[in-house]
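Each protein sequence line maps, in turn, to chains A and B.
The numbering of the first sequence is the working numbering, which starts it at 1 and goes up by one.
The numbering of the second sequence is the working numbering, which starts it at 1001 and goes up by one.
C-beta: ideal position from N, C-alpha, C; glycine also.
The structure displayed is predicted, hence computed values, not measured ones.
Below is one structure, written out as structure tokens; comments come after it.
2 protein chains.
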Amino acid sequence: MKPIPDSADTLIHPGWIIPVIPENKWFIGHSLAIKENRIVAVLPRDEAAGIQAKQTLELPNHALLPGLINAHGHTAMSLLRGYADDQPLVPWLEQHIWPAEANHVSAEFVRDGAELAIAEMIRAGTTTFSDMYFFPDICAQVASDVGMRCQITFPVLDFPTVWAQHADEYIRKGLALRDDVKHNDLITVGFGPHSTYTVSQASLAKVATLAAELDIAVHIHLHETPSEVQEAITRNSERPLNSLHKLGLLGPKTQCVHMTELVDDDIALLAATGAHVIHCPQSNMKLASGGCPVAKLKKAGINVALGTDGAASNNDLNLFGEMQSAAMLAKLLSQDATVITAGEALAMATINGARALGIDEQVGSLETGKLADIIAVDLSQPETLPLYNPLSQLVYATNGSQVSHNWIDGKLVMQDRQFTGIDSGALAARIQHWQQKIGANPKDEDLCQPL
Amino acid sequence: MKPIPDSADTLIHPGWIIPVIPENKWFIGHSLAIKENRIVAVLPRDEAAGIQAKQTLELPNHALLPGLINAHGHTAMSLLRGYADDQPLVPWLEQHIWPAEANHVSAEFVRDGAELAIAEMIRAGTTTFSDMYFFPDICAQVASDVGMRCQITFPVLDFPTVWAQHADEYIRKGLALRDDVKHNDLITVGFGPHSTYTVSQASLAKVATLAAELDIAVHIHLHETPSEVQEAITRNSERPLNSLHKLGLLGPKTQCVHMTELVDDDIALLAATGAHVIHCPQSNMKLASGGCPVAKLKKAGINVALGTDGAASNNDLNLFGEMQSAAMLAKLLSQDATVITAGEALAMATINGARALGIDEQVGSLETGKLADIIAVDLSQPETLPLYNPLSQLVYATNGSQVSHNWIDGKLVMQDRQFTGIDSGALAARIQHWQQKIGANPKDEDLCQPL
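Shown next as structure tokens:
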């Protein structure tokens, strides 16, 4: 039995507490206390009576759960949401997204796109995100200003872009960012080599050396489509995963994003090296990339986290939707309705994300001593009635709009769906400006002719 | 050019009007006028200035679109939402759902479950639903009281249930309901034989005869799983679809629900007979039933509508989610990101649903002369910014919670997310009662032990 604290900043009396650890279970009649940025108690309500709290919240219709962790995305691409839909990955990138990026990406683009993404994520219960995009310093600054936890993975590419000219410059600027934010507890920095088809083996080898020396994360798009794997075999006589392994890039700090194309040897290699898989079910479906065999990965003991991918390919940054899609898609692909239960899907979006990002000792579950990254979800509306099992409601019957409160590092960033640190009106005006600039909206052929 | 009416009850000035016919296009700078229960004009805003309206609504941030049509569900099963998850179809039915139904289904169960389902559907932009459940007269009454449009398909089974004892009694009671509601413009009644594995060929033959004579719809679960088809072949030496065809049950008034197991001959037969397919993507995924080949069906000219199925297997009644899932799943299954575009998904949830239910001359699109079944969707929140294409936002970036207004038959049933005809508090209290009665909630093993 843990000692009961005398005082707290916030004492919450919710209907349910879903700690995630242990998995698939919940507390009723319990309370949770926050002091500074930590959870200092999860305890029966009657025992909480002695805690002197500055603020007390009665949330009898709400479930408290760990904030969701979006383990893969490109925040600034929110400015390209819906810019080009219903296209396969390669033409979508080559004919639409990359040209639009070449024309528009700048520090200001990243500032506004990241703030839009952060606003959307907070509203849907996310408390930590991983980002891979140009001007990672700007995204880090916006997240820090709002108070959102993040892993910033800086891009590494072999070709010039608006942010850097060659692989060495990407790496130099990225590591400089790491130095700049080393005292910011909300931010971790990792390598974000885009993929094995856009980064040379020589550059990947440098990433491997530096990542090992510095002991930091490597986050990479991998085995996203059948053609990616097939072309790599043609080019290198091996699968991309094997190339990474040879380069020393597969280990417990490696985050392999997508992984739809997997043979048994791939799965064995992932398991043996302790690499993590970041599954982005809706992006994979929408781009017709393929399906990640989540049930098999889980059986092999591989940690699988969830990501939304960027809003340009999803088109939302809503992990409630991803949890539901992950569970449903796993059942369909494995022809087994019992795999990836509601509790497992919730774990993927919380503690598994924390494990992938190497922050599971700090966040990912509601346990005394962990950082207070917490969300409250209203389960009293028609969509979630009746309620036999709160995990089922959270994964299969809510859509993110029921998230009422969002605490990150002990600080309330959304209260009753109102932001505490984002000016929605000013943000919308800036996004409107980008909309006008980026898109001829609407094109004439899209409009109905006047009758 | 159509004549401009002098007067209207309601004149709406929205940001966008998505008429659905024509597909994939939208109006900007246009207004829509409602008089009594009909759309009397869709016209440029300046031309609308002369219309004397009792009420005028400025909705500059909203899209107006036809109300969504949920072409398959079991409304009262909302009381079993989340009662048994992560189970395959047959044990889910035999070990969980059917026993719970045997213990609890009654006229009161159907009254409360139907009202809960209707409340949820109205909130997510549905204006017409199709139902198949016991006590169909009760569901019809609740829908009529709230003012929701519906197709009630009365169950036909060969075994006794709380509602009827044998096929003849199901049919007799169902046809009596049809007589009772024949003057109710909101309600149509059709046959709802459950499936070819629960209804004998003799009973299906009676349904065929009567449906042809009365010229009314037949709505049936069909080819939902591989085992359903395989067992039918073992039993009858033919596929269920072929059995229906021989019985004279396949035609333009036939609604085939699920259809995940289809060979080319099946598709040809559907196309030749003009039967409709009701696709329930989330239910099929969650129960691991299989995937309906929507892209192939569309290519063959078959009308495909969307349904949520019941909340016990989905677990929500949200057609925004189904549109997104239908588009994404079709892309994944056909390995082609270009199939089932946003516009096509929206058509599936509107005009195609109307075609399947035989009411497409009345609803399913926003056209002058049609009945005023209309929803307004707020596109100004972070989730739907920026906006390059409103169809993309509606299908890929909204989740139903952005629906602000819902008009059915010209009557506002939800305004700024407040019901006009449902007492939410009283409804929630009645659902709470069922929750206590149906479920031991929570089971001891689900709860965390006190720390």
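Secondary structure of ASP360/A (DSSP, three-state): coil.
Here GLN230/A is exposed, its C-beta having fewer than 16 other C-beta atoms within 10 Å. Our two residues, VAL20/A and LEU366/A, have alpha carbons roughly 7 Å apart in a direct line. Residue pairing from DSSP leaves GLN1095/B without any beta-bridge partner.
By the Cβ test, the stretch 1050 to 1067 of chain B is in contact with the stretch 1342 to 1351 of chain B, since at least three Cβ pairs between them sit closer than 8 Å.
Straight-line spacing of the CA atoms in ASP1137/B and GLY1321/B works out to 29 Å. Runs of the alpha helix (DSSP H) spanning 4 or more residues and lying entirely within the stretch 1275 to 1360 of chain B occur at 1281 to 1286, 1294 to 1299, 1319 to 1334, 1342 to 1348, 1351 to 1356, in chain order.
Not flagged as an interface residue toward chain B: MET323/A, since no C-beta distance is shorter than 7 Å. Closer than 9 Å at the C-beta level to chain A, one finds these residues of the stretch 1271 to 1294 of chain B: PRO1281, GLN1282, ASN1284, MET1285, LYS1286, LEU1287, ALA1288, SER1289, GLY1290, GLY1291. In terms of Cα proximity to VAL105/A, the closest of CYS139/A, LEU332/A, LEU319/A is CYS139/A. Put simply, the backbone Cα of SER1401/B is about 34 Å away from that of ASN103/A. Within its own chain, the residues whose Cβ lies closer than 7 Å to the Cβ of SER392/A, once the five positions on either side in sequence are excluded, are ALA342, listed in chain order. Look at TRP407/A here: in three-state DSSP terms it is strand. ALA1071/B is not a Cβ neighbour of ALA1272/B, given a cutoff of 7 Å. For ASN1037/B, there are no neighbours in chain A by C-beta distance under 7 Å, as the nearest C-beta there is about 21 Å away. Taking the beta carbon of GLU1120/B as reference, the chain A residues within 8 Å of it are PRO382, GLU383, listed in sequence order.
Around TRP1163/B, no beta-carbon contact reaches into chain A at under 9 Å, the shortest distance being about 22 Å.
ARG417/A carries a coil assignment under DSSP once its states are collapsed to helix, strand and coil.
Its Cα nearest to that of LEU1080/B, the residue HIS1433/B stands out among CYS1448/B, LEU1447/B, HIS1433/B. If you draw a 10 Å sphere on the C-beta of VAL1090/B, you find fewer than 16 other C-beta atoms in it, and that means exposed. With respect to the 7 Å criterion, GLY410/A and ILE34/A are classified as neighbours on the basis of their beta carbons.
In the three-state reduction of the DSSP assignment, GLU213/A falls in the helix class, which pools H, G and I.
For PHE109/A, the enclosing alpha helix (DSSP H) covers residues 107 to 123. In the DSSP assignment, CYS256/A forms a beta bridge with ILE220/A, VAL277/A. Cβ-Cβ distances below 8 Å link ASP215/A to LYS253 in the same chain, with the five nearest sequence neighbours on each side left out; the list follows chain order.
Distance between GLY29/A and LYS370/A, taken at the CA atoms: about 21 Å.
Looking at the DSSP output, VAL1377/B shares a beta bridge with ALA1063/B, VAL1403/B. Along the stretch 398 to 418 of chain A, the positions whose C-beta sits under 9 Å from a C-beta of chain B are THR398, ASN399, GLY400, SER401, GLN402, read in chain order.
Pairing LEU210/A with LEU247/A gives a Cβ-Cβ distance that is not under 7 Å. Scanning the stretch 1009 to 1083 of chain B for uninterrupted alpha helix (DSSP H) segments of 4 residues or longer gives 1045 to 1048, listed from N- to C-terminal end. The beta-carbon distance between ALA1428/B and LEU346/A, rounded to whole angstroms, is 25 Å. This is too long to meet the 8 Å contact definition.
For LEU1079/B, the chain A residues whose C-beta falls within less than 8 Å of its own C-beta are PRO386, listed in chain order. At least one C-beta of chain B is nearer than 7 Å to the C-beta of MET328/A. By the neighbour-count criterion, in which a residue is buried when 16 or more other Cβ atoms sit within 10 angstroms of its Cβ, LYS1054/B is exposed. Within 9 Å of the CB of ALA1428/B, the CB atoms of chain A belong to SER380, GLN381, PRO382, LEU385, in sequence order along the chain.
Under the DSSP assignment, ARG1239/B falls outside any beta strand (DSSP E); it carries neither an H nor an E label.
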